[in-house]
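Below: one structure, written as structure tokens.
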Amino acid sequence: MFWVIASTVVAFFMATTMIFVRLKAAKKPASVKKIILPPLFMSTGACMFFVPEFRVAWTQVLEAFFVGVFFSIFLIKTSKFEIKDNDIYLIPSKSFVFILFGLLLVRIIIKLIIGSTISLGETSGMFFLLAFGMILSWRLAMLYKYKKLEKELKIS
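As numbered in my numbering, residues 2 to 157 make up the sequence shown, in order.
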């Protein structure tokens with residue numbers, strides 16, 4: 002039970018940090034580098050699967066990853082860019098905070114449900130894959146939107 006509470010508290014602080022980072026980033030122009038680096042940095046977490054305790058079956062890999070992709074739809078819909086002073090900026094959505102905490106709540110509920118049937122290591126592995134699926138698909142969609150605006154900027 003301690004690990005469930007501890008991981009929930011950590012997830013809450015991570016979500017809160019993400020909100021502040023996103024709001025601060027909106028004050029500076031976006032770039033390809035700023036869009037693609039977070040999933041690249043996060044991908045190093047896949048090293049956890051070298052430890053047998055964290056390994057999950059391929060069906061669980063696909064389930065967790067595609068649940069993350071589904072969750073990313075909410076983030077993709079609220080991530081918008083605009084051109085200001087010949088630069089491209091990410092516009093902070095008013096609903097971003099609610100979406101992020103809503104997704105956190107759903108993840109906590111899912112963790113409580115599946116955490117009682119599979120080991121802590123497998124749960125950790127699945128939630129890493131869920132988060133990676135979410136950030137990867139969200140950032141790829143952001144990159145697509147950014148590149149589209151970048152082309153418009155070059156044309157004009």
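Each residue gets a CB set at the ideal place from its N, CA and C atoms; glycine is no exception.
Bounds of the alpha helix (DSSP H) holding residue 35 are 33 to 44. Residue state for residue 29 is assigned as coil, using DSSP reduced to three classes. For residue 146, the uninterrupted alpha helix (DSSP H) run begins and ends at 121 to 156, by DSSP. Between residue 126 and residue 55 the beta-carbon gap is near 4 Å, inside 8 Å, which marks them as a contact. In this structure, residue 69 places its C-beta atom within 8 Å of the C-beta atom of residue 134. Counting C-beta atoms within 10 angstroms of its own C-beta, residue 4 has fewer than 16 neighbours from the protein chains shown and is therefore classed as exposed.
Inter-residue distance for residue 139 and residue 76 is about 7 Å (C-alpha atoms, whole angstroms). Non-local beta-carbon contacts of residue 72 in its own chain, meaning distances under 6 Å to residues more than five positions away in sequence, involve 104 and 135 in chain order.
Contact check for residue 31 against residue 147 passes: the beta carbons are separated by less than 8 Å.
When the beta-carbon positions are compared, residue 151 and residue 89 come within less than 8 Å of each other.
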